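S.K.: Submitted below is the structure of interest, expressed as structure tokens.
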Amino acid sequence: MWRRIDFSQARGFGLDEYVGLEEGHPQSYREVIRREFADRVNIAAENVHSPDGAAADIPAACDAYEEAINTAGGVDLQLLGVGTDGHIGFNEPGSSLASRTRIKTLIEQTRRDNARFFKSVRDVPHHAITQGLGTILDARHVILVATGAQKAQSVRDLVEGPVAAICCLCSSVASACHHHC
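Numbering (our numbering), first residue to last: 30 to 210.
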């Protein structure tokens, strides 16, 4: 028997957002979260937060987003996907474990990987706002999801590799270091 989960008291904070996509763009993460999740459950629209990739002052928007997370008391559950090279959010391998919400330049591989959501790779933005690994690690619980054979090596490195070596190679080690992963 299915029971509905009550999201009426929940708050959500998106992991990242492309810079430069207009509000309502179908491939903005804000819009994807609204369409695929928020519109399907009983969560209040004002309780769903995303970085503002259309802000005139992106560094200030990053600081404001970090402050909004802190003001809300932090993140209880951080649900993450891992990229083919081990990136989390737009934190590429080698990102600082102390990093906070910030703007990142997307590497070409990430842009190519994300081209499947756009008309072509030319339409994929070059920059995004992402929660930093430090922000992610502040969450009380972390779930890391990896799907597809192309991510097997990243997962293998995370599970079987030495932490010191992985820190240099793969940002997903942050989840291995998390106290409630």
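Glycine residues also receive a C-beta, built at the ideal position from the N, C-alpha and C atoms.
What you are looking at is a predicted structure, and each value in this text was computed from that prediction instead of being measured.
Report the rounded CA-to-CA distance for R169 versus L108, giving the unit in angstroms.
M.R.: Looking up residue 169 in the sequence shown gives position 140. Looking up residue 108 in the sequence shown gives position 79. Distance between the alpha carbons of R169 and L108: 11 Å.
S.K.: Measuring CB to CB, does T100 end up less than 9 Å from T130?
M.R.: One-based indexing of the sequence shown puts residue 100 at position 71. One-based indexing of the sequence shown puts residue 130 at position 101. Contact flag unset, no.
S.K.: Note the first and the last residue of the continuous beta strand (DSSP E) segment covering A90.
M.R.: Walking along the sequence shown from the start, residue 90 turns up at place 61. Here A90 belongs to no beta strand (DSSP E); instead the alpha helix (DSSP H) covers 87–100.
S.K.: Count the CB pairs spanning the region 41–60 and the region 71–80 that are closer than 8 Å, and state whether there are at least three.
M.R.: Yes, they touch.
S.K.: The beta strand (DSSP E) spanning A157 covers which residue range?
M.R.: For this step, residue 157 is matched to residue 128 along the sequence shown. 156–159 is the span of the beta strand (DSSP E), which, as asked, contains A157.
S.K.: For a test of the three-state rule: what should DSSP assign to Q107, helix, strand or coil?
M.R.: Translated into the one-based positions of the sequence shown, residue 107 becomes position 78. Strand at Q107.
S.K.: Tell me which residues share the same chain as A194 and place their Cβ nearer than 7 Å to its Cβ, disregarding the 5 neighbours each side in the sequence.
M.R.: Start at 1 with the first residue of the sequence shown, and residue 194 comes out as number 165. Bear in mind that a pLDDT of 38 at A194, under 50, signals an unreliable position, so the number given afterwards is only what the model happens to contain. Around A194: no qualifying Cβ.
S.K.: Would you check whether the ligand FAD has a heavy atom nearer than 8 Å to the C-beta of E189?
M.R.: Ligands displayed in this structure: none; no statement on the ligand FAD is therefore possible.
S.K.: Does DSSP put I172 in a helix, a strand or coil?
M.R.: In the sequence shown, the residue the question calls residue 172 occupies position 143. Note: I172 maps to strand in three-state DSSP.
S.K.: Check this for me: beta carbons of E52 and A97, under 9 Å apart or not?
M.R.: Taking the first residue of the sequence shown as position 1, residue 52 is located at position 23. Taking the first residue of the sequence shown as position 1, residue 97 is located at position 68. Contact: no.
S.K.: What are the start and end residues of the alpha helix (DSSP H) that includes I72?
M.R.: To locate residue 72, count along the sequence shown from 1; it is residue 43. Premise fails: I72 is in no alpha helix (DSSP H) and is neither H nor E.
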